[in-house]
Amino acid sequence: MTTATTNQAEAPLLSGRHGLGRDLAGLAVILVLAVIGYLLFPNNLALLTRIIAIALLVLSLDLVTGYCGVATLGHAALFGSGAYAAGIAAVHFGITDPLLMVAAGIIGGALAGLVCGVVILRAHGLPQLVLSIALIHLFHEFANKASSWTGGSDGLAGIAPDPLFGIFAYDLWGRTAYVFAVVLLAIVFMFLRLVVRSPFGMLCRGIKEDPIRIRAMGGSPTIALLKMYVISGAVAGVGGALNAVSTQVVGLDSLSFTLSAESLVMLVLGGTGSLFGAVTGTIVFMFFEDLVSAANPFHWLTMVGALLIAVVLFAPKGLYGTVAEVLARRRGAGR
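Residue numbers (the numbering used here): 1 to 335.
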């Protein structure tokens, strides 16, 4: 009796240590890959910074689609809102400190997440997809029409961020922007690991599996999902602000349906319901796209399509999800 009680008391502690170990391992992998990328592609840091910005978008999408089961094809609205918020703060209000621009992006993305969540969560399934598509087109058209603030189809130019901490200026090689991007990704990744393992994160997973049971237990699926949408918007806003700071211009492509669809493809490619999968899918897709488009400018879309078909057919849980499942089976067989 005493032994059983002791084991039950130690179980949460062991689980917490295991979760912390995975968090630190994931952080270490991100930092190692960042260093390798810097050493291998010192002249292409702009691409690596772009990959990190899109990875933040895909992570935010994973929160609502992978962990909450909300279908959306308009998540770029949150990313673009963060980008425009940071750009407008710099161009029209003189807020050019990179950290304050990121804060503006977080606020812009969170507000967009609140608006999108209120609308999209009123429906389920296919109607959610229709609402999300309608929203991304509305955000795109609003940014296009508000040209005095956003620059319209010409884009919002003239963004000139100050040196980071007043010391590290943004150079032509993109080294400061890249290091800044890696630090932001590491911070956001650790924060999201805490979120998805928290009771709130478990509640959202429960809503995805059986919302009726959660409602019967006294929970409110709509409120919980709306909170997650706001968090997702804040994360996407970080990515948008990072993109504005690093490229120093914000275009309508940051609010495009194409970006929304590609972010969903990256998530499926890596594996839904996993932060590691979201990052993996983004890196693989964007590197593969850059590689094949340079090798064959006329038929690169065919090769990208073939890759996606192969992954969906032979690795339905995504690249990371399938590898993780295989390793888990081998560990189980070895015991």
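Heads up, the beta-carbon is just placed ideally off N, CA and C, and yes, glycines get one too.
Predicted model only: the values in this text are computed from it and were never measured.
Cβ separation of residue 67 and residue 205, assumed to be a contact under 8 Å, to the nearest whole Å: Here residue 67 really is in contact with residue 205; their C-beta atoms are around 6 Å apart, less than 8 Å.
Rounded separation between residue 107 and residue 330 - CA only: Roughly 45 Å between the two C-alpha positions.
Residue of 236, 227, 289 and 60 minimising C-alpha distance to residue 104: Nearest to residue 104 by C-alpha distance, out of 236, 227, 289 and 60, is 236.
Rounded separation between residue 354 and residue 54 - CA only: With the chain covering 1 to 335 only, the question about residue 354 has no answer from this structure.
The stretch 123 to 134 touching the stretch 217 to 224, judged by at least three CB pairs closer than 8 Å: Cβ pair count under 8 Å is below three, so no.
Secondary structure, alpha helix (DSSP H): runs of 4+ residues fully inside the stretch 99 to 170: Considered as a whole, the stretch 99 to 170 harbours 126 to 145 and 147 to 150 as its complete alpha helix (DSSP H) runs of no fewer than 4 residues, in chain order.
Rounded C-alpha distance that separates residue 32 from residue 280: Going by the C-alpha atoms only, they are around 14 Å apart.
Residues near residue 28 in its chain [Cβ-Cβ closer than 8 Å; skip 5 each side]: Answer for residue 28: no residue qualifies.
Residue 195 in three-state terms, based on DSSP: Looking at residue 195 - three-state DSSP - the assignment turns out to be helix.
Residue 250 (DSSP reduced to helix, strand or coil): Strand at residue 250.
Nearest neighbour of residue 23, chosen from 192, 232 and 136 [CA to CA]: Residue 23 has its Cα closest to that of 192, out of 192, 232 and 136.
Rounded Cβ spacing between residue 244 and residue 83 (contact assumed at less than 8 Å): The beta carbons of residue 244 and residue 83 sit about 5 Å from each other, so the pair counts as a contact at 8 Å.
First through last residue of the alpha helix (DSSP H) which encompasses residue 78: In the DSSP assignment, residue 78 falls within the alpha helix (DSSP H) that extends over 76 to 93.
Of the listed residues 228, 102, 129 and 194, nearest to residue 183 (C-alpha basis): Comparing Cα positions, the closest option is 102.
Residues near residue 128 by beta carbon distance below 7 Å, same chain, minus five either side: Taken in chain order, the residues that qualify are 70, 71, 72 and 120.
Check whether residue 77 and residue 131 have beta carbons under 8 Å apart: Not a contact, by the Cβ cut-off of 8 Å.
Per-residue burial, residue 115 [other beta carbons within 10 Å of its own, 16 or more giving buried]: By the 10 Å Cβ count, residue 115 comes out buried.
Inter-residue Cα distance where the pair is residue 229 and residue 57: Cα-Cα distance, rounded: 13 Å.
Continuous alpha helix (DSSP H) assignments of at least 4 residues falling wholly in the stretch 229 to 281: Positions of the alpha helix (DSSP H) runs, each at least 4 residues long and wholly inside the stretch 229 to 281, are given as 257 to 270 in order along the chain.
Counted within 10 angstroms of its Cβ, other Cβ atoms place residue 75 as buried (16 or more) or exposed: The residue is buried, with at least 16 neighbouring Cβ atoms inside 10 Å.
C-beta atoms of residue 234 and residue 62 nearer than 8 Å: Taking C-beta atoms as the reference points, residue 234 and residue 62 fail to come closer than 8 Å.
Residue 173, DSSP secondary structure in three states: Residue 173 falls in the coil class under three-state DSSP.
Pairwise C-alpha distance: residue 153 and residue 140: Within the model, the alpha-carbon separation for residue 140 versus residue 153 is close to 10 Å.
Nearest-angstrom Cα separation, counted from residue 307 out to residue 290: Roughly 14 Å separates the two Cα atoms.
Inter-stretch contact at 8 Å, needing at least 3 Cβ pairs: the stretch 33 to 40 / the stretch 245 to 256: Under the Cβ criterion (8 Å, minimum of three pairs), the stretch 33 to 40 does not count as touching the stretch 245 to 256.
Alpha-carbon spacing of residue 173 relative to residue 43, whole angstroms: Between residue 173 and residue 43, the C-alpha separation is close to 7 Å.
Contact check, residue 214 vs residue 203, beta carbons under 8 Å: Their beta carbons are under 8 Å apart, which means residue 214 touches residue 203 by this criterion.
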